[in-house]
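> Just dropping this structure here.
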Amino acid sequence: MARKFLPQVATANDLFEGDVIYLTADNTWTREHAEAAVAETPEAAEALLKAAEAFPLQVVGPYLADAQIVDGRPAPVHFREDFRTRGPSNYFHGKQAEKTEA
Amino acid sequence: MTQIVTRQGFARETWPEAGVIVTFESLWNGQDLPIERPIGVRLAPDSNAADLEPWFDTMAMVIVPFGKSADGRGFSLARQLRQLGYAGIIRAEGHVLVDQFRAALRVGIDQVAISDEQAARNPEDQWLAVPHFDGYQSRLFAAE
Amino acid sequence: MYSYTNFDAAFVRDRVKEFRSQVERRLDGSLTEDEFKPLRLMNGLYLQLHAYMLRVAVPYGTLNSRQMRQLAHIADTWDKGYGHFTTRQNIQFNWPKLKDVPDILDALADVGMHAIQTSGNCIRNVTADHFAGAAADEIEDPRPTAELIRQWSTDHPEFAYLPRKFKVGVTGSPNDRAVTKAHDIGLRMVRGEAGEPGYEVIVGGGLGRTPMIGKVVRDFLPKRDLLAYLEAILQVYNLSGRRDNKYKARIKILVHETGIDELRARIEETFRRNRRLLPDVDPAIVARIEAAFAAPAWADRPVPDAPRLDAGLASFIDTNVVAHKRPDHAIVSVSLKPTGGTPGDATSAQMRVLADLAERYSHDELRISHEQNVILPHVHRADLPAVYAALREAGLATANIGLVGDIIACPGMDYCALATARSIPIAQQISEMFADLDAQRDIGPLKIKISGCINACGHHHVGHIGILGLDRAGVENYQLTLGGDGTETATIGTRTGHGFAYDEIVPAVGRLIGAYLDARETPEETFLETYRRLGMDPFKAALYGQEEQADAA
Ligand code: SF4
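Written out as structure tokens, the structure reads:
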């Protein structure tokens, strides 16, 4: 059964910090989901993953995750990916805290 | 081709060309052993060490297979052979990681035969760098 | 308490040095992630959802004050000021940076601790009864046994690449507080015909995807045969455990597929041979270990008779304090389950308070329980008011041990990369629903256990109420089991029926407890007893009743 293709972002964890990161359109890594490059076709998704895998000295475990476009920006679909954009729910740690610091 | 590794590093093949290597099955099934000497036996991953006991004095070498690196059966097979009193050469053949080398020697393996491809990836200095310090077990069971 | 020999200390330092060089090689690119991953896992370092996580072994749950203070120091220096105690008596730090981990390991080595074999397909950190050496019902302290097993299983050359991970739990008491029947090997101390101590050996227990209660493989094993027998079990498992399917690789599946009788025959045969071939354990080493766990020098002070207690202290003593083997002493359980808190978490400040209390009042000993609490095992009864006052000041005096608020919860999807749903917020909400400790006491003994995925780190199968978080079509969904039991009468709980959404599960638990309160015959009848008497029906009605009526309409 063919599943409807959803837009994809490439995500991984930073090798040094372990933090969640996303590949951008200019082939750098960002900590913001909204800045991620979005692949709109299966072919583009494949190319995006290839590009993400080219940073063995910077990132760990790159993979593709479903995304949706909200206000013109990519946002997560699955709740797991949603949690990854914020941090744990029991403490104000991780990304959610860093955002207010910035 | 394979590369033999011992505690002293990369070594030349010492098994004589005149020697024969038989499988465990042919040893187990056949009554007539070849006349050529020495005889070596290549085990399967699921061989039972105790089954080899009658041939311990005949076998100059036992080859223990190491499949994928996560498959640790070879460690038990080799150790059982030693526990049962086998005194010949034990060779580990297949995918033995550098990080498994110390454990391999500690269970009684004398030499490791790796592929040339692996030998290129894990050159001799990596094997020589493995520290061979004693483990807890040799202390616990020290009283002979 | 056991302290490191020169051999232990040198061994651990060597491993830190080795890991330091591995981290350097990873950072400079000479090790790929594929090569590095098994090496970091061997040193307890995971990559979780938001960050790295370091799992540190607390062997058989025993710590001294110096070690606890060092954990606090690590939390402050390299983490976010807290640590999470797990159901395997380990502590996890949730935010270390890769480059700092070798320094953390060195800091652990400074106090005789490490993170070795807290991961991977090897023999994991040995767990034991958290009341060891203090319990009134104890046949013998299980910790010398656990320490002997720690030494034997550390860096064992034969058993580092088993089909799957391997967990050993030991108890010295007939009341099983160490869930031994849910371990790959469970050891229960028993007495032989002449009264000599030995072990009942249980094999093939485990929770996870296929939960099983362990089976007795040997009724009585003399103490001196322990390691030879363990080697036999491990050797049989290493050679015949399944390696084709990771979900069928635990020894419980081998027991199940081979049958306990056939497996016993194989183990006994291997054991007979091993015992002949394996030299005895050096008696000097055994003697040294046993001496390390000798009872402390008890203080012979009078217990003030019938002191007038304030209400808070009285209920604390009622729920959190149990009998010690010496009548003038007591075992104090410190709950890491404050109302609305994260089960098992302690701040660095709390760790220091616990260390101080241990040093001052508990012969410098602390224990971590698999129920994610901390124990002060040897407190003189005259000191209970002082201990209580200090705990209360540190926010550590929650009087809910064994009650509905004393929930076990794994990290779940707030941290764990394997999780299918969150567990911590569910625990927080349940404990808030029962914030009134008097109401908790009225409900009585009740164990709620929550896991965030099928791996069952939260032991949900053996909770009186078990909660399993799943991902159903992209939405968190929670399944309930009832009637589980992790003690000597170990039982796997039974599923109630379909699961509940994230915002439905806490009210559902509330209905279960309401149904129990309605159905119990006396206030003394516990939740588990009521469930055993009445079965599933009244609870199902409470959970699904309205739906059924709606269906019928
Ligand atoms: S039960 Fe699952 S979610 Fe919870 S800690 Fe274990 S692996 Fe992670």
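Those protein sequences? They're chains A, B and C, same order as listed. So the first sequence is numbered by this note's numbering: it starts at 131 and just counts up by one. So the second sequence is numbered by this note's numbering: it starts at 37 and just counts up by one. So the third sequence is numbered by this note's numbering: it starts at 3 and just counts up by one. Every residue gets a Cβ at the ideal spot worked out from N, C-alpha and C, and that includes glycine.
For the stretch 204-232 of chain A, enumerate the residues whose C-beta is nearer than 7 angstroms to any C-beta of chain C, in chain order.
Hits within the stretch, in order: H208, F209, R210, F213, R214, G217, P218, S219, N220, H223 and G224.
> What do you reckon, are the CB atoms on L530 of chain C and H463 of chain C nearer than 9 angstroms?
On the third sequence, position 528 is the one that residue 530 of chain C refers to. On the third sequence, position 461 is the one that residue 463 of chain C refers to. No.
> So what's S335 of chain C in DSSP terms, helix, strand or just coil?
Locating residue 335 of chain C in the third sequence gives position 333, where the first residue counts as 1. Correct three-state label for S335 of chain C: strand.
> For R513 of chain C, which option in C:E527, C:E523 and C:T498 has the closest C-alpha, if you only look at C-alpha atoms?
The count along the third sequence starts at 1 and reaches residue 513 of chain C at position 511. Measuring from the Cα of R513 of chain C, the nearest candidate turns out to be C:T498.
> Label K104 of chain B either buried or exposed according to how many other C-beta atoms from any shown protein chain fall within 10 Å of its C-beta, with 16 as the threshold for buried.
Locating residue 104 of chain B in the second sequence gives position 68, where the first residue counts as 1. Exposed, because fewer than 16 other Cβ atoms sit within 10 Å of the Cβ of K104 of chain B.
> So, with DSSP's three-state summary, where would you put T272 of chain C?
Looking up residue 272 of chain C in the third sequence gives position 270. Residue state, collapsed to three classes: helix.
> For Q44 of chain B, which three-state DSSP category applies?
Here the question's residue 44 of chain B lines up with position 8 in the second sequence. Of the three classes helix, strand and coil, the one that applies to Q44 of chain B here is coil, per DSSP.
> Could you tell me the boundaries of the beta strand (DSSP E) in which N92 of chain C lies?
Locating residue 92 of chain C in the third sequence gives position 90, where the first residue counts as 1. Per DSSP, N92 of chain C belongs to the beta strand (DSSP E) from N92 to F95.
> So which residues on chain B does N123 of chain C lean against when the C-beta distance must stay under 9 angstroms?
On the third sequence, position 121 is the one that residue 123 of chain C refers to. Simply A106 and G108.
> Relative to chain E, which residues along the stretch 150-173 of chain A have a C-beta separation below 9 angstroms, given in chain order?
Included in the structure are the protein chains A, B and C, with no chain E among them.
> Who are the Cβ neighbours of P104 of chain C in its own chain at under 8 angstroms, not counting the five residues just before and after it?
Within the third sequence, residue 104 of chain C is the residue found at index 102, counting from 1. Contacts found: V18, F21, R22 and V25.
> So what does V170 of chain C bridge to, in DSSP terms?
Taking the first residue of the third sequence as 1, we reach residue 170 of chain C at position 168. Partner(s): C:I187.
> Evaluate V219 of chain C with the Cβ neighbour count: other Cβ atoms within 10 Å of its Cβ, from every protein chain shown; 16 or more gives buried, anything less gives exposed.
Locating residue 219 of chain C in the third sequence gives position 217, where the first residue counts as 1. It is buried - the Cβ of V219 of chain C has at least 16 other Cβ atoms within 10 Å.
> Identify the contact partners of R115 of chain B in chain C, using a Cβ-Cβ distance below 7 angstroms as the criterion.
Here residue 115 of chain B is taken as the residue at index 79 of the second sequence, counted from 1. Per Cβ cutoff of 7 angstroms: E160.
> List the residues that DSSP assigns as beta-bridge partners of W159 of chain A.
Translated into positions along the first sequence, residue 159 of chain A becomes position 29. Answer is A:L153.
> Can you say whether D57 of chain B is buried or exposed, counting buried as having 16 or more other CB atoms within 10 angstroms of its CB?
By 1-based counting over the second sequence, the position of residue 57 of chain B is 21. The sequence as given places Ile at residue 57 of chain B; Asp does not occur at that position. By the neighbour-count rule (16 or more Cβ atoms within 10 Å), I57 of chain B is not buried but exposed.
> Would you mind stating whether A142 of chain A and I151 of chain A have Cβ atoms separated by less than 9 angstroms?
Within the first sequence, the letter at position 12 stands for residue 142 of chain A. Within the first sequence, the letter at position 21 stands for residue 151 of chain A. Their beta carbons are under 9 angstroms apart, which means A142 of chain A touches I151 of chain A by this criterion.
> Where does A555 of chain C fall in DSSP's three states?
As a first step, residue 555 of chain C must be located in the third sequence, where it is residue number 553. Because the pLDDT at A555 of chain C is just 46, under 50, the model does not fix this residue reliably, and the point stays unresolved.
> Using a Cβ-Cβ cut-off of 7 angstroms (strictly less than) and excluding sequence neighbours within five positions of A251 of chain C, which residues of its own chain qualify?
Position 249 of the third sequence, counted from the start, is the residue given in the question as residue 251 of chain C. Taken in chain order, the residues that qualify are P165, R166, G243, R244 and R245.
> Terminal residues of the continuous alpha helix (DSSP H) containing V376 of chain C?
Residue numbering aside, residue 376 of chain C sits at position 374 when the third sequence is read from its first letter. Where V376 of chain C is concerned, there is no enclosing alpha helix (DSSP H), although the beta strand (DSSP E) it sits in stretches over V376 to H382.
> Residues of chain C with a CB under 7 angstroms from the CB of L145 of chain A: which are they?
By 1-based counting over the first sequence, the position of residue 145 of chain A is 15. Those within 7 angstroms of L145 of chain A in chain C are L100.
> Would you kindly report the start and end of the unbroken alpha helix (DSSP H) that includes D440 of chain C?
To locate residue 440 of chain C, count along the third sequence from 1; it is residue 438. Counting along the chain, the alpha helix (DSSP H) containing D440 of chain C begins and ends at L439 to I445.
> Sorry if obvious, but does the Cβ on G454 of chain C come closer than 8 angstroms to a heavy atom of the ligand SF4?
Locating residue 454 of chain C in the third sequence gives position 452, where the first residue counts as 1. G454 of chain C Cβ: within cutoff of the ligand SF4.
> Tell me, please, which residues DSSP counts as bridged to T38 of chain B.
Within the second sequence, numbered from 1, the residue matching residue 38 of chain B stands at position 2. Beta-bridge pairing links T38 of chain B to B:S151.
> Taking 6 angstroms as the limit between beta carbons, can you name the residues of its chain near L405 of chain C, skipping five residues before and five after?
Here residue 405 of chain C refers to the residue found at position 403 of the third sequence. If we look at L405 of chain C and ignore the five residues flanking it on each side, its Cβ neighbours are Q442.
> Could you give the distance in angstroms between the alpha-carbon of Y518 of chain C and the alpha-carbon of A401 of chain C?
In the third sequence, the residue the question calls residue 518 of chain C occupies position 516. In the third sequence, the residue the question calls residue 401 of chain C occupies position 399. Cα-Cα distance, rounded: 22 angstroms.
> Using DSSP with H/G/I as helix, E/B as strand and the rest coil, what is D144 of chain A?
Locating residue 144 of chain A in the first sequence gives position 14, counting from the first residue. D144 of chain A: strand per DSSP, three-state reduction.
> Give the DSSP bridge partners of P224 of chain C, in chain order.
As a working mapping, residue 224 of chain C is identified with position 222 in the third sequence. Bridge partners of P224 of chain C: C:G200.
> Tell me the rounded alpha-carbon separation between M131 of chain A and N457 of chain C.
In the first sequence, counting from the first residue as 1, residue 131 of chain A sits at position 1. In the third sequence, counting from the first residue as 1, residue 457 of chain C sits at position 455. In this predicted model, M131 of chain A has a pLDDT of only 48, less than 50, meaning its place in the structure is not dependable; the value taken from the coordinates is given anyway. Those two C-alpha atoms are separated by around 29 angstroms.
> When you compare each of C:M435, C:L232, C:P509 and C:L484 to R535 of chain C by their alpha carbons, which one comes out closest?
Numbered from its first residue, the third sequence carries residue 535 of chain C at position 533. Among C:M435, C:L232, C:P509 and C:L484, the Cα nearest to that of R535 of chain C is on C:L484.
> Mapping the DSSP letters down to three states, classify T182 of chain C as helix, strand or coil.
Here residue 182 of chain C corresponds to residue number 180 of the third sequence, with the count starting at 1. If DSSP states are grouped into helix, strand and coil, T182 of chain C belongs with the helices.
> Would you say R211 of chain C and Y249 of chain C are within 9 angstroms of each other, going by their C-beta atoms?
For the purposes of this step, residue 211 of chain C is taken as residue 209 along the third sequence, with counting starting at 1. For the purposes of this step, residue 249 of chain C is taken as residue 247 along the third sequence, with counting starting at 1. Result yes, Cβ atoms of R211 of chain C and Y249 of chain C sit closer than 9 angstroms.
> Is there a Cβ from chain C that is less than 9 angstroms from the Cβ of V190 of chain A?
The count along the first sequence starts at 1 and reaches residue 190 of chain A at position 60. Judged by the 9 angstroms Cβ criterion, V190 of chain A is in contact with chain C.
> Can you determine whether any heavy atom of the ligand SF4 sits closer than 8 angstroms to the C-beta of N457 of chain C, and answer yes or no?
On the third sequence, position 455 is the one that residue 457 of chain C refers to. N457 of chain C Cβ: within cutoff of the ligand SF4.
> Would P379 of chain C and R394 of chain C be called neighbours here (beta carbons separated by less than 9 angstroms)?
In the third sequence, counting from the first residue as 1, residue 379 of chain C sits at position 377. In the third sequence, counting from the first residue as 1, residue 394 of chain C sits at position 392. No, the pair does not count as a contact, with Cβ atoms beyond the cut-off.
> For the stretch 17-36 of chain C, enumerate the residues whose C-beta is nearer than 7 angstroms to any C-beta of chain A, in chain order.
Per Cβ criterion, the list reads G31, T34 and E35.
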